[in-house]
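For reference, the structure is listed below as structure tokens.
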Amino acid sequence: NRTRELLQIYCVGDSVVGDKHARARREMLNGWRAVFEEDIRPLEEMQRGRNSTAFDGGAFSPVLDTATHHFHRWVAARYPYAA
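The sequence shown lines up with residues 1305 to 1387 when you count with my numbering.
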């Protein structure tokens, strides 16, 4: 099992091009790169755990998963109307 992640970061206005904001763009990208690289091992370990026969599907955390839960409910409410 493999997952491919595509990350796109957008800048707006004059921060997109030119030398004026080049350093800020570079620092921002380096910061995000460091964060995402730190996440690789924990995510791989979670995937391994999800493939375990002991995994029962998990549960939503009322503190950490509110947005995910709302999104799933939103999708589920519209599912019968999908083509």
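Cβ atoms here follow ideal geometry from the backbone N, Cα and C, with glycine treated the same way. What you are looking at is a predicted structure, and each value in this text was computed from that prediction instead of being measured.
- By the CB criterion at 9 Å, Thr1307 and Leu1347 fall inside the cutoff.
- About 7 Å separates the beta carbons of Leu1311 and Phe1340, which is inside the 8 Å limit, making them a contact pair.
- In this structure, the straight-line span from the alpha carbon of Ala1328 to that of Asn1355 is close to 40 Å.
- For Gln1351, the secondary structure class from DSSP, reduced to helix, strand or coil, is helix.
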